[in-house]
Amino acid sequence: MSILYIQIIGGFIIPWILGLWLIKDRIFLFAFYPAAVALATTIDIIGSNYFWQFYPHANNKSFSSLPILTGIHPLSACFMLFLIYRKNIWPLPAICFFAGLLTLFEWLAQQVGLLSYFNGWNIFWTFLSYFTPLAVLYLYSKQMKRHIKHPH
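Following this line, the structure appears as C-alpha cells:
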C-alpha cells in the first residue's frame, strides 16, 4: 500500500468516520474545526520548512501532510473540547492526553519512515507542537463560549 494511501486512510478517513459522532453536537465542528485547521496548518508550515519532512515528497511541502491537517489534528482538538465541555473533563489533563496521543501517532509514523526530523527536532518538541495549539484552542473556546450559546 502506498504511503499516501496510509496517510489518507489513517490521517483523514478514519478520523472523519469517528468525527461523524460529533455531528450530533455540531458546535464543536462548526466553531472549532476551522480554528484547529488554521493552527495545525500554521505549525506544519513552520515545521515542514525547518524541522521535519513528510513522505512522500510533494512540490508544496504542506501537501504531503494535507490529509492529517484536515483530519486527525483538528478532529482530535474537537474531541478534546467535547470532552472538556460535555463530559466535564479537566482541561489540562485533556490537553496533555490529546497532545500525548498525537505525539504517539507521530512517533509511530517516524518509526515506519513516514517522516523524518532535522535541525534538532525531537519527540519533546513534537509534544510541545501539539500541546501549544491545543491549549490555544482551549483558551479560544473559552472566549467563544461567552459569545455562543451551546445548543442541546
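If you read the sequence shown in numbering that gives the first Met the number 0, its first letter stands for residue 0, the second for the next number, and so on. Ideal Cβ placement from N, Cα and C applies to all residues, glycine included.
**Q.** Cβ pair count under 8 Å reaching 3, the segment 116-133 against the segment 9-19
**A.** No: the two stretches stay apart, fewer than three of their Cβ pairs being nearer than 8 Å.
Q. Which full runs of the beta strand (DSSP E) of 3+ residues lie inside the segment 69-127, going along the chain?
A. 114-116
Q. Do Ala93 and Ile83 have their CB atoms nearer than 7 Å?
A. A contact, by the Cβ cut-off of 7 Å.
Q: Tell me whether Phe50 sits in a helix, a strand or coil according to DSSP, three-state version.
A: coil
**Q.** Neighbourhood of Asp24 by C-beta distance below 7 Å, restricted to the same chain and skipping five residues each side
**A.** Phe81, Arg85
Q) Taking all protein chains shown into account, do 16 or more other C-beta atoms lie within 10 angstroms of the C-beta of His72, making it buried, or fewer, making it exposed? A) buried
Q) Considering only residues of the same chain and omitting the five flanking positions on each side of Ser115, which have a CB-CB separation below 6 Å? A) Gln52
Q | Distance between Thr102 and Ile122 (C-alpha atoms, nearest Å) | A | 7 Å
Q: Would you mind working out which of Ala76, Ile8, Lys141 sits nearest Cys95, comparing C-alpha positions?
A: With distances taken between CA atoms, Cys95 lies nearest to Ala76 out of Ala76, Ile8, Lys141.
Q. Taking Asn118 as the reference, which of Leu107, Gly46, Thr41, Gly10 has the closest Cα?
A. Per the Cα distances, Gly46.
Q. What is the DSSP secondary structure of Pro55, reduced to helix, strand or coil?
A. coil
Q) Between the beta-carbon of Leu100 and the beta-carbon of Ala35, is there less than 7 Å? A) no
(Q) Give me, in chain order, the residues of the same chain whose beta-carbon lies closer than 7 Å to that of Trp120; leave out the 5 immediate sequence neighbours on both sides. (A) Phe50, Trp51
Q) Hey, how far is the Cα of Thr40 from the Cα of Pro55? A) 18 Å
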